[in-house]
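Protein chains in written order, with this note's numbering: chain A, 1 to 193; chain B, 1 to 193; chain C, 1 to 193; chain D, 1 to 193.
I have placed the structure first, in the form of C-alpha cells, so that the comments after it can refer back to it.
Number of protein chains: 4
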Amino acid sequence: MTIGPPERAVARTKVIMQATLALAQESGYAKLSIEAVAARAGVGKHTIYRRWPSKGLLFLDSLLSLNEPALNFPDTGDVLADLRQQAYAAVDLLANPPWGPLYQALVGEAQHDPAVAAGLGERFIRPQTDRTIVRLKAAQDQGQVSPGLDLDLVMAILSGPLYFRLLITQEPMTHDYVDRVFEAIFTGLSPRH
Amino acid sequence: MTIGPPERAVARTKVIMQATLALAQESGYAKLSIEAVAARAGVGKHTIYRRWPSKGLLFLDSLLSLNEPALNFPDTGDVLADLRQQAYAAVDLLANPPWGPLYQALVGEAQHDPAVAAGLGERFIRPQTDRTIVRLKAAQDQGQVSPGLDLDLVMAILSGPLYFRLLITQEPMTHDYVDRVFEAIFTGLSPRH
Amino acid sequence: MTIGPPERAVARTKVIMQATLALAQESGYAKLSIEAVAARAGVGKHTIYRRWPSKGLLFLDSLLSLNEPALNFPDTGDVLADLRQQAYAAVDLLANPPWGPLYQALVGEAQHDPAVAAGLGERFIRPQTDRTIVRLKAAQDQGQVSPGLDLDLVMAILSGPLYFRLLITQEPMTHDYVDRVFEAIFTGLSPRH
Amino acid sequence: MTIGPPERAVARTKVIMQATLALAQESGYAKLSIEAVAARAGVGKHTIYRRWPSKGLLFLDSLLSLNEPALNFPDTGDVLADLRQQAYAAVDLLANPPWGPLYQALVGEAQHDPAVAAGLGERFIRPQTDRTIVRLKAAQDQGQVSPGLDLDLVMAILSGPLYFRLLITQEPMTHDYVDRVFEAIFTGLSPRH
DNA sequence: AGGTAACCGAGACGGTACGTCGCGTCTTGTC
DNA sequence: GACAAGACGCGACGTACCGTCTCGGTTACCT
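And the structure:
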C-alpha cells in the first residue's frame with residue numbers, strides 16, 4: 001500500500017539498463033547506440049529519450065545500477081592497512097570486467113560531456129571519497145594523520161596513481177601495484193626514510 | 001635538387017591541422033567531424049582519410065602539432081625544486097587554453113580508441129616521462145632518491161594527483177595545488193613528519 | 001426528464017470539431033494531427049478515437065458541422081436561372097474561406113481514403129445532387145429539359161467544370177466563370193447556335 | 001562524346017522511379033514512404049532527398065516517367081469525332097491500372113501540396129490541354145467552333161465531367177460515359193435540340 | 001614542350017544513427 | 001465511471017557523418 005512510481009515505469013527502466021550494459025559489454029561504449037539499446041530492450045526510442053537526455057547519462061545510470069560489490073571501508077584501527085584494503089577493493093572492481101572497461105569508458109565520456117562529468121562526480125566519486133574521508137578523519141582524530149591535512153588532497157594522492165594507470169598508461173592494475181604505491185608514498189621517496 | 005617531402009603535402013597537412021584545432025576549440029571535440037574539417041580546410045575528405053585513419057588520430061596529430069611551449073626539465077641540483085618546476089610547467093600548459101581542454105578531450109578519446117591511447121602514450125606521455133626520469137636518475141645517482149625506487153612509479157605518483165584533478169574532479173589546476181601535493185607527499189602524511 | 005444524447009458528450013464533440021477546424025485553417029489539413037486536436041480541445045486522445053476512426057472522417061464531420069449557408073435551391077419557374085443561382089451559391093461557398101480550402105483538402109483526402117470518399121459522397125455530394133435533381137425533374141416534367149436525359153449526368157456536366165477549376169487548375173472561381181460555363185453549354189459550342 | 005549528367009545519376013534516378021511506382025501500386029500512395037522507396041531501390045535516403053523535396057513530387061515524377069501511351073490527338077477533319085477519340089484515350093488511360101489509381105492519388109495529393117499542384121498543372125495538365133486546344137483552334141479556323149469561344153473553357157467543359165466521375169463519385173469511367181457526356185453537351189440539354 | 005600519371009576539390013553514394021513527431025493502444029489517477 | 005493526461009511500441013521523418021567511390025581539373029614530372 002505504498003505510493004511510488006508506477007511499476008511499469010520501473011520495469012522499463014530496468015530492462016533498458018540491462019540492455020545498455022549488455023550492449024556496452026559486447027561492443028564497447030563507442031559503438032553503443034540508443035537505437036540499438038531500444039531494439040534490444042524491446043522498447044521505443046522515445047521511452048529512452050524520455051528518461052535520459054544523452055547516451056552518456058544513460059550509460060552512467062546503467063553502470064551505477066550495477067550495485068557495486070560494496071567497496072568496503074573497514075576500520076580496524078590501523079589506518080594504513082584500512083586504506084590499503086580500500087585500494088585493493090577499488091582495484092578489484094576497476095581492474096576486472098564488467099566494471100573495469102565500462103568505468104574507463106565512462107570516465108572517457110566525462111571528458112567530452114560535462115553532464116556526465118557532473119553526474120560521475122556527484123554520484124560516484126563524491127560518495128566514494130566521502131567514505132574514505134570519514135576513515136581519514138577518524139585517523140586524524142586519533143593522531144595517525146597530520147592534523148591540518150586536506151583530506152580531499154589525500155584522496156587525490158592515493159587515487160591519482162591508480163587513475164594514472166587506468167587511464168594514461170592503461171597497464172593492468174594489481175594489488176602489487178597498490179603495494180608499491182603505498183610503500184613509495186608512506187615509506188618515503190628519499191633515501192633517508 | 002633538394003630532397004624532402006613534397007612541399008604541397010606539408011602545406012596541406014598544416015592547413016588540416018589548423019582547421020582541426022580551430023573547430024575543436026570552437027565547438028569541442030565531441031562535435032568535431034572530418035566532414036567539417038575538410039570543408040574548413042578547403043580540402044577533399046579523401047585527402048584527410050589518406051593521411052589519418054580516424055578522427056582521434058587526426059586530433060592527436062593536430063594537438064601535438066601545437067609545438068608545446070617546451071616543458072622545461074631543469075637540473076639545478078635540487079631535485080625537488082626541479083620536479084616542482086616541471087609540475088608548474090605542466091600545470092601552466094594543461095590548465096589553460098588552448099591545450100587544457102583539448103588535452104582533456106584527447107585523454108577522453110584515448111579511453112574509447114586504443115589507437116589513440118597508444119599514440120598518446122608513445123608520442124606524448126612516454127617522452128615526457130622519459131625526460132623526467134632522466135632527472136630522477138641523476139638524483140638517484142646523487143643519493144637524493146632511494147636507490148631501488150621504480151622511477152616510473154615516482155612519475156605516476158607525481159602525475160597522478162594532477163590527472164585526478166584534470167579528469168575526475170575537473171577542478172582548476174594551480175601552482176598552489178602543486179605545492180600542496182608536493183608538501184603532502186614529501187613532508188609526509190603522518191604527523192611525525 | 002428529457003430524453004436525448006448526454007449533453008456532455010455533445011459538448012465535447014463540439015469542442016473537438018472547433019479545435020479541428022481551427023487547426024486545419026491555421027496550418028492546413030496536411031499538418032493536422034489528432035494529437036494536436038486533442039491538445040487544442042483540452043481532451044484526451046482516447047476521447048477522439050472513441051468517436052472517429054481516422055483523421056479524415058474527423059475532418060469530414062468537422063467540416064459538415066459548419067452549417068453550410070444553406071445552399072438555396074430556388075424554383076422560380078426558370079430552370080436555367082435557378083441552376084445558375086445554385087451555381088453562384090456553390091461558388092460563393094467554395095471560393096471563399098473557410099469552406100473553400102477545407103473542402104478542397106477534403107476532396108483530396110477522399111482520393112486517399114475510401115471511407116472519406118464514401119462519407120463525402122453520401123453526406124454531402126448525394127444530398128446536394130438530389131436537391132438539384134428535384135429541380136431538374138420538375139423542369140423535365142414541364143418540358144424544359146429533354147425527357148430521357150440522365151439527370152445525374154446533367155449534374156456532372158454542370159458541376160464538372162467547377163470542380164475542374166477547384167481541383168485541377170486551381171484558379172479562382174467566380175460568378176463570371178459560372179456565366180461563361182453556362183453560356184457555352186446552353187448557347188452551344190458550335191457556331192450555328 | 002556528348003556531355004550530360006553522369007550515367008550513374010541517371011541510373012539511380014531510374015531505379016528510384018521504379019521502386020516508387022512498384023510500392024505505390026502495391027500498397028497505395030498513402031502508405032508510400034521515402035524510407036521504403038530507398039530500401040526497395042537499394043539506395044540511401046539522402047539520394048532521394050537530394051533529388052526531390054517531398055514525397056509528392058517524387059511521386060509526380062515517377063508517374064510521369066511512365067511514358068504515357070501517347071494520348072493521340074488526331075485531326076481527321078471532324079472535330080467532334082476527334083475530341084471523342086481524345087476522350088476515349090484519356091478514359092482508357094485513367095480508368096485502368098497502373099495509371100488510374102495512381103493518377104487519382106496524385107490529384108489528391110495536389111490538394112494538400114501546392115508544389116504538386118503546380119507540377120501537375122505545368123507538366124501534365126497544361127501540355128495535354130495545349131494539344132487539345134491546337135485541335136480546337138484548327139476547328140475554329142474552319143468555322144466548326146464558335147469564333148470567340150474561350151478554348152480553355154471548352155477543355156474544362158469536356159474534362160470536367162470526367163474528373164467529376166474520377167474524383168467525386170468515383171464511379172467507373174467508360175467509353176459509354178464519354179458518349180453520353182458528348183451527346184448531352186453537343187446534342188443539347190433542352191428538348192428543342 | 002607535350003604527355004601522362006599522380007594528386008586533389010568536390011561531392012555523390014550506401015549506410016547507420018540521430019532526435020522528433022504522430023500513430024493508435026494502454027495505464028494511471030482525478031473529479 | 002468517464003475522462004485528461006500522457007506513457008508506450010512502433011514507424012517514419014528529415015538531417016548529419018561515416019568511409020568509399022567517381023568525376024574532372026589541375027600540377028609536376030618524364031621523357
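Cβ atoms here follow ideal geometry from the backbone N, Cα and C, with glycine treated the same way.
| Item | Value |
| --- | --- |
| So residue 164 of chain A contacts chain B; which residues on that side make the cut at Cβ distance below 7 Å? | 156, 159, 160 and 163 |
| Could you please tell me which residues of the stretch 140–151 of chain C, in chain order, have their CB closer than 8 Å to any CB of chain D? | 143, 144, 145, 146, 147, 149 and 150 |
| With 8 Å set as the bound, which would you pick, yes or no: does the beta-carbon of residue 21 of chain B sit closer than that to a beta-carbon of chain A? | no |
| Which residues bound the alpha helix (DSSP H) around residue 173 of chain C? | Residue 173 of chain C -> no alpha helix (DSSP H), and no H or E assigned at all. |
| Contact between the stretch 162–171 of chain C and the stretch 109–124 of chain C: three or more CB pairs below 8 Å? | no |
| Measure the C-alpha to C-alpha separation of residue 141 of chain A and residue 52 of chain A and round it to an integer number of angstroms. | 43 Å |
| Would you say residue 167 of chain D reaches chain C, if we count a Cβ-Cβ gap shorter than 8 Å as a contact? | yes |
| How many angstroms separate the CA atom of residue 86 of chain B from the CA atom of residue 182 of chain B? | 12 Å |
| Grab me the residues of residue 161 of chain A's own chain with a C-beta within less than 7 Å of its C-beta, minus the 5 sequence neighbours each way, in chain order. | 181 |
| For residue 138 of chain B, which residues from the same chain have a beta carbon less than 8 Å from its beta carbon, with the 5 sequence-adjacent residues on both sides left out? | 75 and 79 |
| Consider the Cβ of residue 180 of chain C: report whether some Cβ of chain D lies at a distance smaller than 8 Å. | yes |
| What's the C-alpha gap between residue 98 of chain D and residue 66 of chain D? | 9 Å |
| Would a C-beta distance cut-off of 8 Å place residue 133 of chain D and residue 151 of chain D closer than the cut-off? | yes |
| So with CB distances below 7 Å, who are the chain D contacts of residue 112 of chain C? | 29, 30, 105 and 108 |
| Closer than 7 Å by beta-carbon distance: list the chain B residues that pair up with residue 117 of chain A, in chain order. | 170 |
| Chain A beta carbons: is any one of them nearer than 8 Å to that of residue 189 of chain B? | yes |
| Give a yes or no on whether the C-beta atoms belonging to residue 73 of chain D and residue 156 of chain C are separated by under 8 Å. | no |
| In the structure shown, what three-state DSSP assignment does residue 3 of chain C receive? | Only weak support is given to the placement of residue 3 of chain C: the predicted model assigns it a pLDDT of 46, under 50, and the value that follows is read from those uncertain coordinates. Three-state result, residue 3 of chain C: coil. |
| For residue 187 of chain B, does the count of other Cβ atoms within 10 angstroms reach 16, so buried, or fall short, so exposed? | exposed |
| Spatial neighbours of residue 29 of chain B within its chain, please: C-beta separation below 6 Å, excluding the five flanking residues on both sides. | 105 |
| Please report the distance separating the alpha-carbon of residue 147 of chain D from that of residue 12 of chain D. | 50 Å |
| Since residue 194 of chain A and residue 54 of chain A are thought to touch, with beta carbons under 8 Å apart, how far apart are those beta carbons, to the nearest angstrom? | Limits of chain A in this structure are 1 at one end and 193 at the other, which puts residue 194 of chain A out of reach. |
| What residues of chain B sit near residue 60 of chain A, judged by a beta carbon separation below 9 Å? | Under the 9 Å cutoff, chain B gives no residues; its nearest Cβ is about 14 Å from residue 60 of chain A. |
| If you drop the 5 nearest sequence neighbours on each side, which residues of the same chain put their C-beta closer than 8 Å to that of residue 22 of chain A? | 40 |
| Measure the CB-CB distance between residue 154 of chain B and residue 136 of chain B and report whether it falls below 8 Å. | yes |
| Under a three-way DSSP split, which group does residue 52 of chain A fall into? | coil |
| Give the C-beta separation of residue 94 of chain C and residue 166 of chain C to the nearest angstrom, bearing in mind that I take them to be a contact with Cβ-Cβ under 8 Å. | 6 Å |
| Could you work out which residues of chain B lie near residue 125 of chain A, taking near to mean beta carbons separated by less than 9 Å? | 168 and 169 |
| CB-CB under 6 Å to residue 32 of chain B, same chain, minus the five flanking residues each way: which ones, in chain order? | 23 and 24 |
| What span of residues does the alpha helix (DSSP H) with residue 88 of chain D cover, start to end? | 79–94 |
| Please compile the residues from chain D whose C-beta is within a distance smaller than 8 Å of the C-beta of residue 36 of chain C. | Correct list: empty, because the minimum Cβ distance to chain D is about 16 Å. |
| Of the choices C:36, C:144, C:177 and C:143, whose alpha-carbon is the least far from that of residue 159 of chain C? | C:177 |
| Measuring straight from C-alpha to C-alpha, what distance separates residue 129 of chain D and residue 143 of chain D? | 21 Å |
| Can you give me the Cβ contacts of residue 88 of chain C inside the same chain, cut-off strictly under 7 Å, excluding the 5 residues immediately before and after it? | 175 and 178 |
| Using the Cα positions of residue 92 of chain B and residue 59 of chain B, report the straight-line distance between them to the nearest angstrom. | 21 Å |
| For a quick check, are the C-beta atoms of residue 38 of chain A and residue 44 of chain A less than 8 Å apart? | yes |
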